[in-house]
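Residue numbers (full-length UniProt numbering): 1 to 223.
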């Protein structure tokens with residue numbers, strides 16, 4: 001028997017309006033989680049370089065736990081495990097945002113730590129010699145320089161987090177992959193639908209990459 005496969009372009013085109021419904025959920029989970037994750041990253045990143053061990057160790061534990069476990073396990077624990085602890089269900093959207101926030105926060109913490117430690121100590125000494133306090137020196141002298149160096153890895157983490165949302169179909173979040181699964185169950189056009197899903201993810205991540213490169217160039221130009 002001779003097997004022949006022909007790509008059904010019409011099926012792919014027909015699936016686009018249905019799949020697009022999942023984009024708002026994908027963006028909400030990824031960017032909502034990243035916003036919280038960025039705050040967590042700054043907090044725990046700065047704690048991880050604190051000289052006081054009782055502040056540094058908890059931050060290090062958080063970073064290692066969430067970097068060392070798969071995000072799929074984390075979201076399953078949040079969605080299925082935490083309700084047993086708190087005595088109530090957790091909305092899939094909330095679980096997805098929490099997983100992205102906690103996971104990205106751990107990686108961003110390392111970006112923050114590396115960025116701050118990459119700045120020459122002479123910058124701090126210069127700020128102090130000008131009469132600035134240590135806090136003023138950090139936020140006015142060290143942090144702006146460190147943040148410019150963080151932009152590329154932060155952008156990479158944003159792209160990774162967007163792609164990670166594809167795993168959350170397992171808890172019923174209506175993002176791109178989940179929309180694709182529902183559509184395929186009714187049309188049996190898996191190849192075409194997942195092809196379109198991949199293209200939509202690519203469009204989102206490429207758009208973000210272009211924006212980040214523009215921001216990075218502007219940041220370098222201001223140095």
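Virtual Cβ for every residue (Gly too), placed ideally from N, Cα, C. Remember, it's a predicted structure, so these values are computed and weren't measured experimentally.
| query | result |
| --- | --- |
| Residue 118 and residue 157 closer than 8 Å at C-beta | no |
| Candidates 192, 213 and 207: closest to residue 8 by CA position | 192 |
| Cβ shell of residue 74 (< 8 Å), same chain only, five flanking positions each side left out | 66, 99, 102 and 103 |
| Limits of the alpha helix (DSSP H) - the one that residue 73 falls within | 71–76 |
| Contact between the stretch 173–191 and the stretch 16–27 (3+ Cβ pairs under 8 Å) | yes |
| Spatially closest choice to residue 147 from 27, 196, 190 and 112, by CA coordinates | 112 |
| Where residue 202 falls, given that 16 or more other Cβ within 10 Å makes a residue buried | exposed |
| DSSP state of residue 156 mapped onto helix, strand, coil | helix |
| First and last residue of the uninterrupted alpha helix (DSSP H) at residue 179 | 176–187 |
| Residue range of the alpha helix (DSSP H) that includes residue 66 | 53–68 |
| Segment limits, alpha helix (DSSP H) that includes residue 30 | 23–47 |
| Close-in-space but distant-in-sequence residues of the same chain around residue 12 (CB under 8 Å, 5 per side omitted) | 189, 192, 193, 195 and 196 |
| Runs of beta strand (DSSP E) lying entirely within the stretch 108–156, each at least 3 residues, in chain order | none |
| Alpha-carbon to alpha-carbon, residue 70 and residue 44 | 20 Å |
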